[in-house]
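Here is the structure we will look at, set down as structure tokens.
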Amino acid sequence: MLRLPNFPQIPTGRRPRKPWPPPPPLRNSATFRSSQNLQLWEASNTPIEVTSSRSAPQTARGRHVFEIAGYSLQKDGYLGVGKFIKSAAFAVGGHYWRIRFYPDVLVGEDKEYVAVFLERISETAEVKALYDFSLVNLETNQSKVVAIVKKPRVFTTLQPTWGFQKFMKKSELEGRPFLLRDRLVLECRVTVIMGAPVSESRTLCIQVPPSDLVDNLGKLLESEEGADVTFKVEDKVFHAHKIVLAMRSPVFKAELYGPMRDMNQPSITVQDMQPAVFKALLHFYL
């Protein structure tokens, strides 16, 4: 047996134990809402402000094309073992750079290779940079990346050069399509990391459609679809949904899911309340 204290009741022929205030007005629609529900429903129409941010390092990029003409006159010791051919200086990211090309390397087995290095020639503080070297196919005029660094290198006054001791075997380089008419073309791409990452933020305003949850619950109550609890109020029978009532009312929660509930009771009898008031109560808890 379920008693619901402190809820307004329409007077009957019997004298109530305590005087009741006037009952709440009934609404014909299934969208009968409490003031709290109405506030939540209205708040759901408020646009949601969504912010996002993006962090990326400040960088400067540049590319330098270095043409070596008369290549045969600068290899096989003509230039001198361990000597290099240097490009003109070029600027990237506020620093000056140049390419060093070594036709003949001094060290052991490395003599089968040509070497290529990137040199920072400006006298400034240390700088971090990424770089790669390409050879130009002189038959198609397309460049092919031969060597690339995947982690930034730190160029300092004590370590101004970084590169590749074994850039390419001479036997591969000194022939078609990279060496044509005694001419070789190198390309170097440099990415200078300028400073700390910069965060950019933007704001999006998303208009949330109004919630129809209360309307849907009202229709569910009226249709009695999936109802799993029955209430008897005088000569009227009401079908409802346990979980919805327990969620909205501690009294219903204790009665339907509490330790004192009667598992074998097919229905719950409500005393001291008129059917019209109980119907309003069910809609109140939506």
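Mapping of the sequence shown onto UniProt numbering: position 196 corresponds to residue 196, and the numbering continues sequentially without gaps. For each residue, glycine too, the CB sits at the ideal point set by N, CA and C.
Minimum length 3: unbroken beta strand (DSSP E) runs contained in the UniProt domain "MATH" (61-190) = 90-92, 95-102, 113-120, 127-137, 142-148, 153-155, 161-169
Taking the alpha carbon of residue 277 as the point to measure from, which residue in 84, 232, 182 has its own alpha carbon closest?
-> Against the sequence shown, residue 277 aligns to sequence position 277. Per the Cα distances, 232.
C-beta contact flag for residue 113 and residue 75 at 8 Å = Position 113 of the sequence shown, counted from the start, is the residue given in the question as residue 113. Position 75 of the sequence shown, counted from the start, is the residue given in the question as residue 75. No. Outside cutoff.
Below 8 Å between beta carbons: does that hold for residue 176 and residue 139?
-> For this step, residue 176 is matched to residue 176 along the sequence shown. For this step, residue 139 is matched to residue 139 along the sequence shown. Yes, they are a contact pair.
Given a cut-off of 8 Å, decide if residue 136 and residue 172 are closer than it, judged by their beta-carbon atoms.
-> Working through the sequence shown from its first residue, we reach residue 172 at position 172. Working through the sequence shown from its first residue, we reach residue 136 at position 136. Not in contact: residue 172 and residue 136 (Cβ atoms no closer than 8 Å).
Express the C-alpha separation of residue 253 and residue 247 in angstroms, rounding to a whole number.
-> Mapped onto the sequence shown, residue 247 falls at position 247. Mapped onto the sequence shown, residue 253 falls at position 253. So the alpha carbons of these two residues sit roughly 7 Å apart.
Is the beta carbon of residue 117 less than 8 Å from the beta carbon of residue 162?
-> Within the sequence shown, the letter at position 117 stands for residue 117. Within the sequence shown, the letter at position 162 stands for residue 162. Yes, they are a contact pair.
Residue span of the alpha helix (DSSP H) that contains residue 283, given as start and end = Here residue 283 corresponds to residue number 283 of the sequence shown, with the count starting at 1. That run of the alpha helix (DSSP H) goes 275-284.
Could you tell me whether the Cβ atoms of residue 50 and residue 148 are closer together than 8 Å?
-> Stepping through the sequence shown from its first residue, residue 50 is reached at position 50. Stepping through the sequence shown from its first residue, residue 148 is reached at position 148. Against a cut-off of 8 Å, the Cβ pair of residue 148 and residue 50 comes out as no contact.
Could you name the residues of the same chain whose beta carbon sits closer than 7 Å to that of residue 31, not counting the 5 residues immediately before and after it, in chain order?
-> Translated into the one-based positions of the sequence shown, residue 31 becomes position 31. With a pLDDT of 37 at residue 31, under the threshold of 50, the modelled position of that residue is not reliable, and the figure given next carries that caveat. Only 214, 215, 218 meet the Cβ criterion.
Does the beta carbon of residue 71 come closer than 8 Å to any beta carbon on chain C?
-> In summary, chain C is missing from the structure at hand, where a single protein chain is found.
Go through its chain and collect everything with a Cβ distance to residue 90's Cβ below 8 Å, but skip five positions before and after it.
-> To locate residue 90, count along the sequence shown from 1; it is residue 90. Result list for residue 90: 62, 64, 96, 97, 98, in chain order.
Of the residues 170, 202, 103, the one placed nearest residue 52, counting alpha carbons only | Mapped onto the sequence shown, residue 52 falls at position 52. Checking every option, the nearest Cα to that of residue 52 belongs to 202.
Terminal residues of the alpha helix (DSSP H) in which residue 224 lies | To locate residue 224, count along the sequence shown from 1; it is residue 224. Unbroken run through residue 224: none, as it is neither H nor E.
CB of residue 288 within 8 Å of CB of residue 130, strictly | As displayed, the chain neither begins before 1 nor continues past 286, which places residue 288 out of reach and without an answer.
Tell me where the alpha helix (DSSP H) around residue 261 begins and ends.
-> Along the sequence shown, one-based indexing puts residue 261 at 261. That residue, residue 261, is in no alpha helix (DSSP H); it is neither H nor E in DSSP.
Boundaries of the alpha helix (DSSP H) in which residue 50 is found, first to last residue = Translated into positions along the sequence shown, residue 50 becomes position 50. Note, residue 50: premise wrong, no alpha helix (DSSP H); beta strand (DSSP E) at 48-56.
Where do the N-terminal and C-terminal ends of the alpha helix (DSSP H) with residue 244 fall, by residue?
-> Taking the first residue of the sequence shown as position 1, residue 244 is located at position 244. Per DSSP, residue 244 belongs to the alpha helix (DSSP H) from 242-248.
Cβ-based neighbour list, residue 59, same chain, cut-off 7 Å, excluding 5 preceding and 5 following | Position 59 of the sequence shown, counted from the first residue, corresponds to residue 59. Cβ neighbours of residue 59 beyond the five flanking positions: 191, 192, 193, 194.
Using the Cα positions of residue 132 and residue 204, report the straight-line distance between them to the nearest angstrom.
-> Sequence index remark: in the sequence shown, residue 132 carries index 132 (1-based). Sequence index remark: in the sequence shown, residue 204 carries index 204 (1-based). Roughly 39 Å between the two C-alpha positions.
Candidates 144, 56, 224: closest to residue 168 by CA position | Your numbering for residue 168 matches position 168 in the sequence shown. The shortest C-alpha separation from residue 168 is found at 144.
Cβ neighbours of residue 153 in the same chain (closer than 8 Å, five flanking residues each side left out) = Residue mapping note: residue 153 aligns to position 153 of the sequence shown, counting from 1. These residues qualify, in order along the chain: 128, 129, 130, 131, 162.
How close, in whole Å, do the beta carbons of residue 241 and residue 226 come, if the pair is a contact with beta carbons under 8 Å?
-> Position 241 of the sequence shown holds residue 241. Position 226 of the sequence shown holds residue 226. Sure, about 6 Å apart at Cβ, within 8 Å.
If we call anything under 8 Å between Cβ atoms a contact, is residue 67 one with residue 185?
-> Residue numbering aside, residue 67 sits at position 67 when the sequence shown is read from its first letter. Residue numbering aside, residue 185 sits at position 185 when the sequence shown is read from its first letter. Yes, the Cβ-Cβ distance between residue 67 and residue 185 is below 8 Å.
Just grab the DSSP bridge partners of residue 214 for me.
-> By one-based count along the sequence shown, residue 214 stands at place 214. In DSSP, residue 214 forms no bridge with anything.
Where residue 119 and residue 54 are concerned, what is the direct C-alpha to C-alpha distance, given to the nearest angstrom?
-> Here residue 119 refers to the residue found at position 119 of the sequence shown. Here residue 54 refers to the residue found at position 54 of the sequence shown. About 33 Å.
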